[in-house]
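Asks: Next up is a structure, given as C-alpha cells.
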Amino acid sequence: MKCGSKWFFAAGLTLLSRAFAEQVPTVRNIVFILADDLGIKDLGCYGSEYYETPNLDRFATEGVRFENAYSAHPVCSPTRASILTGRYPARLHLTAYIPGQECPKAKLSHPQDWIKYMRDNEVTYAEAFRAAGFATCHIGKWHVGSREPSEHGFETVTVARDAWSNPDLEDPWFVRYYTDAAERFMEERRNEPFLLTLSHGTVHVPLHEKEDLIAKYRKKTPGSNGQNNPVYAAMVERMDWSVGRVLLKLKELGLEQNTAVVFFSDNGGLSQVYDKELKKSITATSNRPYRGGKSILYEGGIRVPLLIRWPGVTLAGTVCRTPVISNDLYPTFLQMAGLSLKPEQHLDGQGLLPLLQGDTLDRNCLYWHYPHYQSMPPHGAVRCGDWKLIEHYEDGKLELFNLAGDISESRNLISTHPEVAARMKKMLHNHLLSIGAQMPTENPGYDASVHWRTDSHNGEYDSLEFRQAEDMRRIVTDPNRDSGASWKLPNVLLIGDSISIQYTSDVRKQLRGIANVVRPFDPKRKKPVNCGSTEVGLKGLDQWLGTNRWDIIHFNWGLHDLCYRNPKATHLYGNRDKVNGAQSVPLVHYIANLEKLVVRLKQTGAKLIWAPITVVPENEPGRFVGDEQKYNRAAAEIMRKHGVETDDLYSLSASFPADYFMAPGDVHYADAGIRKLASQVAGSIQRSVEKVQ
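Mature numbering (1 follows the signal peptide of the UniProt record, and there is no 0) puts the sequence shown at residues -21 to -1, 1 to 672.
As C-alpha cells, then:
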C-alpha cells in the first residue's frame, strides 16, 4: 500500500478496502518520539549509507514511511508549537526560534510584535487527551516558551535543563536519562490509557558523544551524499538506541498491539556547524540530494522523516508519497485514540487516517512563512502538487521548482512558467492574509554597507530554558562573565561537583541583576568543570580563582572523596564499586585537604559559604549511606574553626521524595530537586550579597 492523494493520483497506489475504513481500530496508548534537527537523509530507511539506525529502519518496515513529510517551519520553536496546536506558526505569530535573531542594519525589520512563546490560550493535544482521561507525559526538550509543559496539559513532566548542565558528560543530551524516564512512565501507567511525548534534544548542537562510539564512525567510509561527521553519526546512533529501547519496552509490557507509535523531526538537518578549534565551518550532516538545511525553506530545511505504526491500520513496510505537515499530528493523534476531531483547535491540520486507509486528503497546498533573518533573509514558500514556489521578501525574487523532476531545486522555472508562479504567489499571499500572518517591514536603520550576517545577534527573551543555554554559550568565550553580568554587581563563584553543575543555571537565573554568577569552565571541552574531590580541588583551585575579584564563593567538596572506585568496574556511571573498590579520599586525608582549601579560599577576601555533601540514596553503587554525614561532621568543624557560613544542602536533600532524584540509587536530581536546591543556594547567596553591599 502507498498513500493516495489527488496530488499523486497517478502513482499506481494500492488502496485499503472501504469496508476496512468503516471499522477503524483505535489504540489505547500513543507514543510520540520527536527528534531535534534530524534530517530526512539521516536514517538508513531514508537512504543514509553512513549513519546506522537499525531500530528505526526496522520500525519503518513495521508501519508507514512518509517520503513527503514536512515541518511547518525550518527551525525548532515554531514547528514544535505547530505540532502541539495543529496550527501554522504564522497563525500563532511564533515565526522564529526563540529568542530569534536581531539584525539591526538589515534591509527589513522582522515583525516587531512576533510572539516569543506559545500563547496561554492555545489548546494543545495534551490538553485534549487529558480532558478525555488519558495520562499525559512530556519528556525532554520543550522550547516553546517560559510556561512549563505542565501548564499546557502534560500531567507528568521530565525536562532537563540543557546539555551544558548535565553532570553525565557521556550523555550530554540526556538520551539515556530521557529514555529511562519514558520506560518508567510506561511501566507505571501500563494499566491506563496514556499519551507519551519523548522529545529528544539530540542531534542538535553542540555535537558531542562518547569517544568509543565516535571512533567507530571515524573508521567508516563516508556516505556518497557527503555525510561524514563521526560525532554527528554517533549522536544519531544514540538516538536510534533510545527508540529501540522504547519499542522493546512496549513489547515487554504487552502494549505493542494497543499502542500507536509516531516518529518525527522538528526540522531538516543542520548542514554546517562552526568548529572553534578548526576555526571554520564543517559538515554537520548532508541532506543531499535535497537542497539546503535547517533554517531555510528549501527541501533540506523542511522535509523530515515521519514513521507511523498504528496497529490494525497501517500495513507493514508501506510508503506514503502524499505531502503532509507537522500541523497534521494533533488531529491524527485524536483519530488514533478514537477521539472526536476538534477543527476549531487544529485549524491547519488534517488527520492522516484517510491516507493510511488509502484515501486522499482534501487539501491543495502547504505553506511556510519565515519573516526573519537567519541563514537567509526573510522568505516564504508554498507547495501545490509537484510545484513549489519560494518568494524572497527583501527583493520580491521568485523561485519556481517542479519537484517531480527536480528534487534538488536546481532549476528555476520562473521564466518558462510565469503563469504558474503568478498563481502560486497569489495563493501564498491570500493564505498569509487569511491567517493574520505578520510580515517584515522596511527598516529605517538599514545600512547597505553592512551585511546583515556581520551585525546579527540573538534577541532578548526571558525564557528559563533559553537563558540557561545562552549563559553557557557566552561563558565559552568569557568564562568569568554571566550573560547578564555587570561590573556594578558582586561577583559570585560556584565551586562544586556535578550536583553544583545541575543547579548553576537556575541559581544564575534567580540572581540575575543581583550578582554575577559563574563557575569554573573548561574551554577545551567547552564544559563546566566538575570540581570533583578535594584532591582535584587542590590541583585546580588557583586556576579556577584566576585573578578575578570574588565577593562571594559558594563551595563544596566531598561527594567524590567518599566514593569507592574500582578500575575494573563497568558500571554505566563510571568505575564506582563499593564492594571491591577503594575509597577515593579517606576521611583523614579529606580533612587535611579541606583545611588547605579553606585557607586558600580565605586569602581571596571573599565571603565564603560552605555547602555540605548532599544525601547519598540507598543502593548508590559507589557510596555508602551515612558516609556523607561523617564527612559533613568533619567539614563542619573546619568551617566553625574558620568562621565560614554553612548552606545546609544535606538537610534539604534528605527531605526530598524519591521522584526528586534522577533515578533510584542516583545522587543526581530531577527537575523538581534541582529547583529546590537552586532556590536555597540562591537564597543564601542573596542574603550574603545584601551583607557585602
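Where is the CB? At the ideal position from N, CA and C, for every residue including glycine.
1) Strictly by DSSP, which residues pair up with residue 624?
2) Taking the alpha-carbon positions, what's the residue 35 to residue 563 distance?
3) Put residue 370 into one of helix, strand or coil per three-state DSSP.
4) Between which two residues does the alpha helix (DSSP H) harbouring residue 480 extend?
5) Expressed to the nearest angstrom, what Euclidean distance is found between the alpha-carbon atoms of residue 266 and residue 275?
6) Report back the beta-carbon spacing between residue 48 and residue 218 to the nearest angstrom; my notes put them in contact at under 8 Å.
7) For the candidate residues 90, 493 and 474, whose alpha-carbon lies nearest to that of residue 468?
8) Is the beta carbon of residue 17 closer than 8 Å to that of residue 699?
9) Please name the residue, chosen from 546, 353 and 317, that lies closest to residue 55 on a Cα-to-Cα basis.
10) Quick one: what's got a C-beta closer than 7 Å to residue 633's C-beta in the same chain, skipping five residues either side?
11) Distance, Cα to Cα, residue 114 vs residue 37?
12) From this set, 499, 471, 501 and 477, which residue's C-alpha is nearest residue 487's C-alpha?
13) Please say whether residue 381 and residue 392 have beta carbons closer to each other than 8 Å?
14) Once you ignore the five residues that flank residue 674 on each side, which residues in its own chain have a CB closer than 7 Å to its CB?
15) Taking the continuous beta strand (DSSP E) assigned at residue 259, which residues delimit it?
16) Please report how far the alpha carbon of residue 514 lies from the alpha carbon of residue 572, in whole angstroms.
17) Take residue 666 and list the residues in its own chain whose beta-carbon comes closer than 7 Å to its own, dropping the five residues that flank it on each side.
18) Which word fits residue 197, buried or exposed, when buried means at least 16 other C-beta atoms lie within 10 angstroms of its C-beta?
19) Please report the Cβ distance between residue 606 and residue 535, rounded to the nearest whole angstrom; I am assuming they are in contact, meaning their Cβ atoms lie under 8 Å.
20) Give the C-beta separation of residue 67 and residue 414 to the nearest angstrom, bearing in mind that I take them to be a contact with Cβ-Cβ under 8 Å.
21) Just to confirm the assignment, what range does the alpha helix (DSSP H) spanning residue 738 have?
22) Bridge partners for residue 102 per DSSP, in chain order?
23) Suppose you measure from the CA of residue 312 to the CA of residue 104; what does that come to, to the nearest Å?
24) Indicate whether the contact test is met: 3 or more Cβ pairs, each with one atom in the segment 80 to 89 and one in the segment 343 to 361, closer than 8 Å.
25) Taking DSSP's pairing of strands, which residues face residue 119 in a bridge?
26) Give the DSSP-derived three-state secondary structure of residue 658 in the structure shown.
27) Under 8 Å between the Cβ atoms of residue 94 and residue 63?
28) What does DSSP give as the partner residues of residue 562 in its beta bridges?
29) Rounded C-beta distance between residue 580 and residue 531? I'm assuming under 8 Å.
30) Which residues mark the beginning and the end of the alpha helix (DSSP H) in which residue 635 is found?
31) Three Cβ pairs or more, each shorter than 8 Å: is that satisfied between the segment 402 to 419 and the segment 342 to 349?
32) Under 6 Å Cβ to Cβ from residue 332, same chain only, skipping five residues before and after it: list those, please.
33) According to the Cβ coordinates, are residue 676 and residue 404 closer than 8 Å?
34) Report back the beta-carbon spacing between residue 30 and residue 206 to the nearest angstrom; my notes put them in contact at under 8 Å.
35) Output needed for residue 496: all residues of its chain with C-beta closer than 7 Å, excluding positions within five of it in sequence on either side, in chain order.
36) The beta strand (DSSP E) that contains residue 12, what's its start and end?
Replies: Judging by the given coordinates:
1) According to DSSP, residue 624 bridges with 588.
2) When rounded, the separation of the alpha-carbon atoms in residue 35 and residue 563 is 42 Å.
3) Three-state result, residue 370: strand.
4) Run containing residue 480: 477 to 489, per the alpha helix (DSSP H) assignment.
5) Rounded to whole angstroms, residue 266 to residue 275 spans 12 Å at the Cα level.
6) About 17 Å separates the beta carbons of residue 48 and residue 218, which is beyond the 8 Å limit, so they are not a contact pair.
7) In this structure, 493 is the residue among 90, 493 and 474 with its C-alpha nearest to the C-alpha of residue 468.
8) With the chain covering -21 to 672 only, the question about residue 699 has no answer from this structure.
9) For residue 55, the closest alpha carbon among the candidates 546, 353 and 317 is that of 353.
10) Hits under 7 Å: 594.
11) In this structure, the straight-line span from the alpha carbon of residue 114 to that of residue 37 is close to 28 Å.
12) Cα-wise, what sits closest to residue 487 is 471.
13) Yes.
14) The structure shown does not extend to residue 674, since the chain is modelled only from -21 through 672, so no value can be given for it.
15) Where residue 259 is concerned, the enclosing beta strand (DSSP E) starts and stops at 259 to 262.
16) One Cα belongs to residue 514, the other to residue 572, and the distance between them is close to 7 Å.
17) There are no such residues.
18) With fewer than 16 Cβ atoms within 10 Å of its Cβ, residue 197 is classed as exposed.
19) Not quite, the Cβ-Cβ distance comes to about 15 Å (not below 8 Å), so this is no contact.
20) Going by Cβ atoms, the distance from residue 67 to residue 414 rounds to 6 Å, so yes, they are a contact pair.
21) The first residue shown for the chain is -21 and the last is 672, placing residue 738 beyond what the model contains.
22) Under DSSP, residue 102 forms no beta bridge with any residue.
23) Taking the straight line from one Cα to the other gives about 8 Å.
24) Touching, yes, given that three or more Cβ pairs across the two stretches are closer than 8 Å.
25) Per DSSP, 178.
26) Helix.
27) No, the Cβ-Cβ distance between residue 94 and residue 63 is not below 8 Å.
28) Bridge partners of residue 562: 543.
29) That belief does not hold up - the Cβ atoms of residue 580 and residue 531 are roughly 11 Å apart, past 8 Å.
30) No alpha helix (DSSP H) holds residue 635; DSSP gives it neither H nor E.
31) Note that the segment 402 to 419 touches the segment 342 to 349; at least 3 beta-carbon pairs, one per stretch, sit closer than 8 Å.
32) Excluding residues within five positions, the ones whose Cβ falls inside 6 Å are 314.
33) Any answer about residue 676 is impossible in this case: the structure gives the chain only from -21 up to 672.
34) Here residue 30 really is in contact with residue 206; their C-beta atoms are around 7 Å apart, less than 8 Å.
35) If we look at residue 496 and ignore the five residues flanking it on each side, its Cβ neighbours are 461, 471, 473, 486, 487 and 490.
36) 8 to 14 is the span of the beta strand (DSSP E), which, as asked, contains residue 12.
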